[in-house]
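Quick notes on the structure that follows.
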Amino acid sequence: MNFWKRDTCLTIAGLCLAAWVGSATAQTTATARDIQSFCLVSDIPALAQLSVTWTGECVTGKAAGVGNVIAFSQGELRYILRGQFTEGRLTRQDQLRSCASENCGDQVAPGVVREHAQMFRQNQPAVATPAPRPVPAAAPVVVAAAAVPAPTAAPMENARPEPVARAEIRAEDAVYKGSFSIDRQSGMITGEGRVEFFDGRSYVGRLEGGRKQGTGTYIWATGQRYAGNWLDDQPEGQGEWTSAQGDRYVGAFNKGRREGQGRMVYADKTEYNGEWRNDVPAGAGVFKFLNGDVYEGQFVAGQQSGTGTLTHRNGDRHTGQWLNGQRNGKGVAQWKDGQSYDGDWRSNRKEGRGLMRFSDGGSYEGTWLDDRASGQGTIKFASGDSYTGEVREGIPQGKGVYTWGSGDKFDGSFEAGRPTANGVMTFFIAPATEPPPVVEVAAASGAQLPAAAAPASKATLCSRGYNAARSVAALKLFMEAYPEDECGRHALARQKIAALEENERKAAKDQADRQAQAKALVGLVVAYRQEYAHCVAGTDGKCQNVTYLFEVKGKIREVNVARQSVQLQVVEVTMLGIDKGAQPKLFADGKAAAGDAFRKRMLGSTQTKSKNDVGLEF
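The opening position of the sequence shown corresponds to residue 73 in this note's numbering, with each subsequent residue numbered one higher.
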């Protein structure tokens with residue numbers, strides 16, 4: 073986006089494109105330039121010795137937007153055209169008023185009429201003999217002091233008159249105050265001072281040939297401003313720009329655009345300091361967000377793209393590749409709690425392959441999808457256990473191998489993170505006199521093992537018995553069945569018994585805690601919503617069911633932890649409304665009866681509800 077909209081040109085000179093192209097009513101079209109601003113207008117009705125004034129915006133020397141073309145022929149007002157212009161060309165004609173058949177003088181400023189008439193007179197040859205090429209007329213200005221004295225002799229065709237200096241020059245669109253001079257031949261203004269436009273704009277600085285040059289300050293009518301260096305009417309070099317909203321940029325400009333090194337402080341207090349290209353951040357820079365986050369790295373077209381580091385206010389950090397303001401490609405994220413991720417990213421999410429290290433010492437290395445561990449990977453737990461295989465939503469799901477820290481291993485299928493009956497369990501037992509046996513086992517406790525195809529040794533039978541044991545009782549029977557001298561596995565069995573007993577103690581304590589929590593809920597009044605269908609007779613006498621919504625309050629009499637439910641005694645019933653499908657009249661007709669029927673049915677009754685129904689946690 074170019075910040076530098078076209079200013080009304082600071083030139084006062086007129087330019088007459090004289091050509092015989094017919095009258096305003098002819099089908100031919102013409103091209104002309106505003107005699108003051110040199111702004112180009114095309115595809116307008118042709119006139120002989122056409123000269124125009126354009127009242128709209130001018131962008132890069134061409135009419136733009138909606139405006140009026142005031143057309144003159146031989147110094148007389150001939151028509152006024154209103155329409156839409158794009159890059160100087162008429163794209164939509166809204167109105168064409170012929171001033172040959174009606175008086176248009178009330179629509180045009182007298183000064184505009186005088187300038188066109190004066191220009192026409194000055195461009196006429198003095199004698200009937202062939203005249204040299206006309207010289208453009210003097211600038212259409214109104215001077216605060218006495219009128220400029222006419223030259224005593226006509227200038228030669230190639231001569232350039234001396235500039236005429238004035239302390240104050242009043243033009244059609246602005247007043248020039250300061251040390252300014254007008255070139256008689258071109259009408260251009262040169263000098264230094266203050267220019268005050270009638271639409272509220274102003275410029276303080278130097279003009280050369282009607283263009284802003286050197287150092288100056290330009291203020292738009294909206295409050296936007298630029299102070300700094302100018303070249304050929306555009307900001308160039310170092311300068312300071314402030315928007316009407318309060319954005320402030322200090323840095324380098326090139327042909328009216330921010331380009332080079334610069335610092336922008338936005339109205340919302342965010343900030344960018346770095347390289348610019350074509351009016352947007354591009355290259356290396358630092359952006360400070362409103363919440364305190366800071367990004368330092370590469371930018372493309374105003375977005376974080378390339379390599380960079382985002383440091384959050386809370387200490388979290390991401391270093392890696394970016395695309396269009398998002399993490400894309402390789403990157404390393406580090407969280408303040410000690411977690412880290414090194415791998416692939418897509419649209420700010422972990423996706424592809426990567427290694428996640430958790431704060432407890434565990435890790436996951438494998439594939440990611442939509443910010444979650446999914447696919448093939450390896451999980452290492454803080455306990456020393458590990459899993460390699462299929463993963464879904466961060467837990468084992470599908471085929472895989474789980475290895476405990478003790479050396480025990482399960483190779484098979486997993487559901488919701490737990491082994492199924494489909495697999496092979498291998499126990500690691502030390503010291504071992506032979507390779508650890510691999511035995512197919514069922515998930516159920518106490519399942520019978522298949523008979524051996526051949527007579528088994530005592531050691532084999534011992535191993536099978538140990539592997540089949542899934543409880544404290546089973547392990548104790550195993551120890552009784554196999555003396556230590558026949559099966560030296562008792563030490564490990566005792567360890568497993570201790571572990572199972574500890575688990576049982578923890579489960580018992582957890583159950584006791586939940587029971588105590590549940591007991592504390594007895595006597596509490598809770599509420600839930602319940603629908604009630606009631607038959608209402610309509611206009612035709614037929615029964616139509618209307619569903620009414622009630623709020624039911626009940627006092628808790630009993631809590632069932634195992635079933636995750638509570639037993640309530642209803643103490644209050646309140647009607648809330650009606651379902652969306654019923655007619656309001658039917659609702660109103662059956663409201664009283666439905667309320668009485670539901671209250672009679674519910675008050676004092678005992679209801680069983682799940683903990684979710686009543687919004688409890690236990």
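Ideal Cβ positions, reconstructed from N, Cα and C, are used throughout, including at glycine.
For residue i, the first and last residue of its enclosing alpha helix (DSSP H)
i	result
Asp19	The structure shown has nothing for residue 19, since the chain only spans 73 to 690.
Rounded straight-line distance, which links the Cα of residue j to that of residue i
i	j	result
Glu603	Leu658	16 Å
Gly433	Gln406	14 Å
His188	Gly286	33 Å
Gly160	Ala324	31 Å
Ser677	Gln636	20 Å
Arg671	Leu648	13 Å
Ile261	Ala246	12 Å
Ala339	Thr475	58 Å
Val366	Phe359	6 Å
Tyr344	Gln370	12 Å
Gly147	Ile107	12 Å
Lys77	His390	Low confidence applies here, because Lys77 scores a pLDDT of 34, under 50, leaving its location unreliable; read the following figure in that light. Computed Cα separation, rounded: 40 Å.
Ser543	Gly626	43 Å
Arg283	Thr132	13 Å
Lys614	Val624	30 Å
Met674	Arg577	43 Å
Leu621	Arg629	24 Å
Arg329	Ile451	53 Å
Asn326	Glu308	5 Å
Gln121	Ser377	57 Å
Arg150	Cys171	5 Å
Glu129	Thr103	17 Å
Leu303	Gly277	12 Å
Thr100	Ile116	8 Å
Tyr321	Glu347	12 Å
Reduced DSSP category for residue i - H, G, I as helix; E, B as strand; rest coil
i	result
Thr678	strand
Ile107	coil
His188	helix
Arg577	helix
Ala571	helix
Lys614	coil
Ala324	strand
Ala356	strand
Gln587	helix
Asp178	helix
Asp483	strand
Gly281	coil
Asp582	helix
Glu465	coil
Ala609	strand
Ala634	coil
Ala565	helix
Phe550	helix
Gln194	helix
Gly626	strand
Residue range of the beta strand (DSSP E) that includes residue i
i	result
Glu331	329-337
Trp348	343-349
Val642	637-650
Leu122	122-126
Thr450	444-452
Phe269	261-269
Thr687	Rather than Thr, the amino acid found at residue 687 in this sequence is Gly. No beta strand (DSSP E) contains Gly687, which DSSP labels as neither H nor E.
Asn396	Careful: Asn396 lies outside any beta strand (DSSP E) and carries neither H nor E.
Asp432	No beta strand (DSSP E) contains Asp432, which DSSP labels as neither H nor E.
Arg150	148-158
Trp313	306-314
Asp414	412-418
Thr381	375-383
Lys134	134-145
Asn301	297-303
Ala293	Run containing Ala293: none; DSSP gives neither H nor E here.
Leu593	No beta strand (DSSP E) contains Leu593, which DSSP labels as neither H nor E.
Ala118	Run containing Ala118: none; DSSP gives neither H nor E here.
Asp245	Asp245 -> no beta strand (DSSP E), and no H or E assigned at all.
Leu362	From DSSP, Leu362 is part of no beta strand (DSSP E); its letter is neither H nor E.
Item to check | Three-pair Cβ contact test at 8 Å for the segment 396-405 versus the segment 416-427 | outcome: These segments touch.
Next on the checklist: Measuring CB atoms only, is the segment 568-585 touching the segment 606-614, in the sense that at least three cross pairs come out at less than 8 Å?
Outcome noted: Segments in contact, no.
Checklist entry - Are three or more beta carbon pairs between the segment 106-116 and the segment 150-168 nearer than 8 Å? => result Verdict: yes, contact present.
Checklist entry - Taking three-plus beta-carbon pairs below 8 Å as touching, is the segment 475-485 in contact with the segment 441-457? => result Contact between the segment 475-485 and the segment 441-457 is present: three or more C-beta pairs spanning the two stretches fall below 8 Å.
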